[in-house]
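In our numbering, the protein residues as written are 140 to 299.
All C-beta atoms, glycine included, are put in the ideal place defined by N, C-alpha and C.
To start, the structure under review is shown below, and the notes come after it.
Written out as C-alpha cells, the structure is:
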C-alpha cells in the first residue's frame, strides 16, 4: 500500500504545527508516524519518512519555521503569516524570528535566523495591518488565545 500522507497538505490544513514534541498544536512527526512517539522520532520505524516530511515542509516557500509554540520548532503556513505579523509585539522577538536550517560544506547543519520583520513580504505586512489583534489570535487558534490569557494573568499578578 502506498503512503499517501502529504506533509504540506497537513501544514496547510492545520496552519500551525510543531515539527515534533508535545504541545498545544498538531505534531508533524506523529502525523507521519500515525501514532504517538515515545522518545526521539529518529528511532521510530518511520524515522526516514518523518525526516523526509520535515525537510519537505522546511523547504516549501509556503511555510516558515519559528520557535513560536512553547519555544519549539513550529511550522506556519503562509495563510497565517499576517496573523503572526499582527501579533509580533505580543509574541516577542524570539518567537517571530524565522529559522531555516542550512547544510554547511562540512555536512553539518546550522540554523540561519532571520529576525522580524526582515522575513515579512510586503503583501503579508499589508494583510496584517487589516487584522485586529483578536482576529489574528482567532486565526492562529486556541494556543494563541490561551497564551494571551496566561500572559495577561501573569501581568496582573502582584509581585512577591
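- For residue 188, the enclosing alpha helix (DSSP H) covers residues 186-198.
- The segment 250-258 makes no contact with the segment 188-197: fewer than 3 CB pairs, one atom from each, lie closer than 8 Å.
- When beta bridges are read from the DSSP output, residue 255 appears opposite no residue.
- Around the beta carbon of residue 169, 16 or more other beta carbons sit within 10 angstroms, so the residue counts as buried.
- For the set 162, 167 and 237, the Cα lying nearest the Cα of residue 191 is the one of 167.
- In the three-state DSSP reduction, residue 213 falls in the strand class (E or B).
- Buried is the label assigned to residue 222, since at least 16 other Cβ atoms lie within 10 Å of its Cβ.
- The segment 202-212 makes contact with the segment 145-158, as at least three CB pairs between them are under 8 Å.
- Membership of residue 242 in the beta strand (DSSP E) is indicated by the continuous run 237-242.
- Counting every other CB atom within 10 Å of its CB across the protein chains shown gives residue 179 a total below 16, marking it as exposed.
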